[in-house]
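The sequence shown begins at 972 in the working numbering and counts up one residue at a time.
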Amino acid sequence: EPLTLVLGEGVFLPGFEAGIEGMSAGEIRDFVIAPEEAFGPVVEEMIQEVGIEAFGPDAHVEVGQTYTFDDPSGMTEGRLFLRVVAVDGDRVVLDANHPLAGEPLRCQIKLLSIADEAPEA
972 EPLTLVLGEG
982 VFLPGFEAGI
992 EGMSAGEIRD
1002 FVIAPEEAFG
1012 PVVEEMIQEV
1022 GIEAFGPDAH
1032 VEVGQTYTFD
1042 DPSGMTEGRL
1052 FLRVVAVDGD
1062 RVVLDANHPL
1072 AGEPLRCQIK
1082 LLSIADEAPE
1092 A
């Protein structure tokens, strides 16, 4: 399904917009977005170890599960999404980084057409 985008709106990753800038209609381009221009580097401070009791008495915590919590620090808008990355007895390691943080993103784009004006909403 084709995707419509308006350059400069800030809706897409900065590296994605930079990668398609200057393309012509019909052109196909492969490019890699560096982590810094995508979802950022892995921030070690966003990986924390907590006691399993934080999940309640009947919780069955497994690696790969995702939990949402209100952000007590107020650093994010709304909720934190935490992935369980390790479980060792009564200790659980949680990662609040984006799952693609630290990863380069490979893109292949075919630009179908270019319009001079943004489409009506």
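Glycine included, C-beta positions come from ideal geometry on N, C-alpha and C.
- In the same chain as VAL1058, and ignoring 5 residues on each side of it, the C-beta atoms closer than 8 Å to its own belong to ILE1023, VAL1032, GLU1033, VAL1034 and VAL1064, in chain order.
- Between ARG1050 and ASP1041 a beta carbon distance of about 6 Å is seen, short of the 8 Å cut, so the two are scored as contacting.
- Judged by DSSP in its simplified three-state form, GLY981 adopts coil rather than helix or strand.
- Nearest in C-alpha terms to GLY997, of all of PRO1075, THR1039, PRO973 and GLY981, is PRO973.
- When the beta-carbon positions are compared, LEU984 and ALA1009 come within less than 7 Å of each other.
- Residue nearest to PRO1012 within the set ILE1085, HIS1069 and THR975 is HIS1069 (criterion: CA-CA distance).
- VAL1056 places its beta carbon 7 Å or farther from that of GLN1036.
- Assignment of beta-bridge partners to VAL1056 by DSSP yields no partner.
- For ILE1085, the three-state secondary structure derived from DSSP is coil.
- For secondary structure counted as the beta strand (DSSP E) over 3 or more consecutive residues, the stretch 1009-1039 holds these complete runs in sequence order: 1018-1022.
- Annotated as distal: ILE1004 and LEU1071, with beta-carbon spacing of 7 Å or more.
- Take GLU988, set aside five residues on each side of it, and the residues of its chain with a beta-carbon closer than 6 Å to its own are LEU978, in chain order.
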